[in-house]
Amino acid sequence: MSKILVTGGAGFIGSNFVHYIIENTDYSVTVLDSLTYAGNRASLDGLPIDRFDFVQGDICDAPLVDELFARHSQVVHYAAESHNDNSLHDPRPFLDTNIIGTYTLLEAARRYGTRFHHISTDEVYGDLELDDPERFTELTPYNPSSPYSSTKASSDLLVRAWVRSFGVQATISNCSNNYGPYQHVEKFIPRQITNILTGERPKLYGAGENVRDWIHANDHSSAVLAILERGIPGETYLIGADGEKDNIAVVELILSLLGQPKDAYDHVVDRVGHDKRYAIDSSKLRRELGWLPAYSSFESGLSSTIDWYRDNEMWWHPQKAAAESRYKQQGQ
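Per our numbering, the very first residue in the sequence shown carries number 99; after that it's consecutive.
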């Protein structure tokens, strides 16, 4: 039975990946997570103890990382500071986790010859004009616009350098915006869902024209597994499900699915430097590794996500008041 180490596995997309791996393969999984506000141990409840282990710790802790790499043949690196608004308020944690943390992991991968997969974001490419027919590809130049995306771009470049300079067996994936279970209520889609479920109105940045390319977390997980098992070390793969929607359309669809008037939302102050549009061309992944998303319909994926939040208030409710307090302080 192969053993996979998942960093940041108590976070949103990391925990979804852990559940996906346990449910769809015979791998055993160890999660390394520092349990910051974005990590939630409850997101990993119910996993089989004979195939799952949890270690609380920091990816910048080199002795701990070294000990864990010695016991695992494959590592999937999800751990990251990832909220744009937080990076604008205090960039330093993003440098520590996204750059120094990734460096620490790469050095361990170099020592132990570990198969290493690095999870990144489409935000490293900057943004596209709303009427631009192009989409991001693996050859798109990096043009990050926030402390968050610039530190993720930096971590990607570290991975590429360690592949070329030291022969680390690493791949990179840059994914579009995820949605699904276990996502913190500070994020766009769960914030709107939980606002409605608690009797509040959804909040829309600015005019709501910004476009994101949405993918269900399960589809992201299946793509990462395909890359881990069949991807070529040194290669980058973009992950997307052709789910481009502007923010106003997403809010209106959430309202509609929850039986509310489509205009029952409030406009709030826009984010500083808010990227206009992200769009992923995932044809390389589909062509070379034979991957396809299971959720071809954004509406069906969103409906199942709403059902999850409706059924799991005990998971998200403790986070809600603090998240809304932070937004209120920012006028959002």
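The beta carbon of each residue, even a glycine, is placed where N, CA and C say it ideally should be.
Here the structure is a predicted model, which is why all the values come from computation and not from measurement.
Quiz item: Between the region 279 to 296 and the region 412 to 420, do three or more beta carbon pairs fall short of 8 Å?
Solution: yes
Quiz item: Is the beta carbon of Ile337 less than 8 Å from the beta carbon of Ile378?
Solution: Walking along the sequence shown from the start, residue 337 turns up at place 239. Walking along the sequence shown from the start, residue 378 turns up at place 280. Their beta carbons are under 8 Å apart, which means Ile337 touches Ile378 by this criterion.
Practice problem: Take Val173 and list the residues in its own chain whose beta-carbon comes closer than 6 Å to its own, dropping the five residues that flank it on each side. | Solution: Mapped onto the sequence shown, residue 173 falls at position 75. Leu103, Thr212 and Phe214, listed in sequence order.
Quiz item: Can Val116 and Leu142 be called in contact, C-beta distance under 8 Å?
Solution: Here residue 116 is taken as the residue at index 18 of the sequence shown, counted from 1. Here residue 142 is taken as the residue at index 44 of the sequence shown, counted from 1. Going by C-beta atoms, Val116 is nearer than 8 Å to Leu142.
Practice problem: Kindly identify the DSSP beta-bridge partner or partners of Arg209. | Solution: Position 111 of the sequence shown, counted from the first residue, corresponds to residue 209. BP columns for Arg209 are empty, so no partner.
Self-check item: Nearest residue (CA-CA) to Arg283, options Thr123, Leu323, Val127 and Ala421
Solution: Locating residue 283 in the sequence shown gives position 185, where the first residue counts as 1. One detail in the question is off: residue 283 reads as Val in this sequence, not Arg. The shortest C-alpha separation from Val283 is found at Ala421.
Quiz item: Thinking C-alpha only, which one of Leu355, Asp311, Pro300 and Pro279 is nearest Asp373?
Solution: As a working mapping, residue 373 is identified with position 275 in the sequence shown. Checked all of Leu355, Asp311, Pro300 and Pro279; the closest Cα to Asp373 is Asp311.
Self-check item: Start-to-end residues for the beta strand (DSSP E) that takes in Phe150
Solution: For the purposes of this step, residue 150 is identified with residue 52 of the sequence shown, where counting begins at 1. Phe150 to Gln154 is the extent of the beta strand (DSSP E) around Phe150.
Practice problem: Please say whether Gly332 and Val222 have beta carbons closer to each other than 8 Å? | Solution: Along the sequence shown, read from residue 1 onward, the residue named residue 222 stands at position 124. Along the sequence shown, read from residue 1 onward, the residue named residue 332 stands at position 234. Not a contact, by the Cβ cut-off of 8 Å.
Self-check item: Straight-line Cα distance separating Glu236 from Arg73
Solution: The shown model of the chain, from 99 to 430, leaves out residue 73, and the question about it has no answer.
Quiz item: For Tyr280 versus Phe110, is the C-beta spacing smaller than 8 Å?
Solution: In the sequence shown, the residue the question calls residue 280 occupies position 182. In the sequence shown, the residue the question calls residue 110 occupies position 12. Yes, the Cβ-Cβ distance between Tyr280 and Phe110 is below 8 Å.
Self-check item: Three-state class that DSSP yields for Asn241 in the structure shown
Solution: By 1-based counting over the sequence shown, the position of residue 241 is 143. Looking at Asn241 - three-state DSSP - the assignment turns out to be coil, as it is neither helix nor strand.
Exercise. Tell me whether Ser381 sits in a helix, a strand or coil according to DSSP, three-state version.
Key: Counting from 1 along the sequence shown, the entry for residue 381 is found at position 283. Three-state result, Ser381: helix.
Quiz prompt | 8 Å CB neighbourhood of Leu302 in its chain, flanking five on each side removed | solution = As a working mapping, residue 302 is identified with position 204 in the sequence shown. Here the set comprises Asn345, Ile346, Val349, Tyr363, Asp364, His365 and Val366.
Exercise. Out of Ala177, Gly278 and Asp194, point me to the one whose CA is closest to Thr503's CA.
Key: For residue 503 there is no data in the structure shown, the boundaries of the chain being 99 and 430.
Quiz prompt | Beta-carbon gap between His175 and Leu203 smaller than 8 Å | solution = Locating residue 175 in the sequence shown gives position 77, counting from the first residue. Locating residue 203 in the sequence shown gives position 105, counting from the first residue. Cβ atoms of His175 and Leu203: closer than 8 Å.
Quiz item: Between which two residues does the alpha helix (DSSP H) carrying Val367 extend?
Solution: In the sequence shown, counting from the first residue as 1, residue 367 sits at position 269. Taken as a continuous stretch (DSSP letters only), Val367 belongs to no alpha helix (DSSP H), as it is neither H nor E.
Self-check item: Contact belief for Asp194 with Ser274 at Cβ below 8 Å, rounded distance in angstroms
Solution: As a position in the sequence shown, residue 194 is number 96, starting the count at 1. As a position in the sequence shown, residue 274 is number 176, starting the count at 1. Rounded, the Cβ-Cβ distance is 26 Å, inconsistent with contact.
Quiz item: How is Ser180 classed by DSSP in three states: helix, strand or coil?
Solution: Numbered from its first residue, the sequence shown carries residue 180 at position 82. Correct three-state label for Ser180: coil.
Quiz item: What's the gap between the Cα of Pro288 and the Cα of Arg408?
Solution: Locating residue 288 in the sequence shown gives position 190, counting from the first residue. Locating residue 408 in the sequence shown gives position 310, counting from the first residue. Their Cα atoms are separated by approximately 11 Å.
Quiz item: Less than 8 Å separating the beta-carbons of Val129 and Ile120?
Solution: Counting from one through the sequence shown, the residue named residue 129 turns up at place 31. Counting from one through the sequence shown, the residue named residue 120 turns up at place 22. No, these two residues do not count as a Cβ contact at 8 Å.
Quiz item: Which two residues bound the contiguous alpha helix (DSSP H) that contains Val116?
Solution: Position 18 of the sequence shown, counted from the first residue, corresponds to residue 116. Looking at the DSSP string, the run of the alpha helix (DSSP H) that includes Val116 is Phe110 to Asn122.
Exercise. Could you tell me if Val426 is buried or exposed, where buried requires 16 or more neighbouring beta carbons within 10 angstroms of its beta carbon?
Key: Against the sequence shown, residue 426 aligns to sequence position 328. It is worth fixing the name first, because residue 426 is Lys in this sequence and not Val. So Lys426 counts as exposed.
Quiz item: Whose CA, out of Asp361, Asp188 and Thr105, lies closest to the CA of Ala305?
Solution: For this step, residue 305 is matched to residue 207 along the sequence shown. Residue Asp361 is the option with its Cα nearest to Ala305.
Practice problem: Identify, in the order they occur along the chain, each residue of the same chain with its Cβ nearer than 7 Å to the Cβ of Ser380, setting aside the five sequence neighbours on each side. | Solution: Position 282 of the sequence shown, counted from the start, is the residue given in the question as residue 380. Result list for Ser380: Leu336, Ile337 and Gly338, in chain order.
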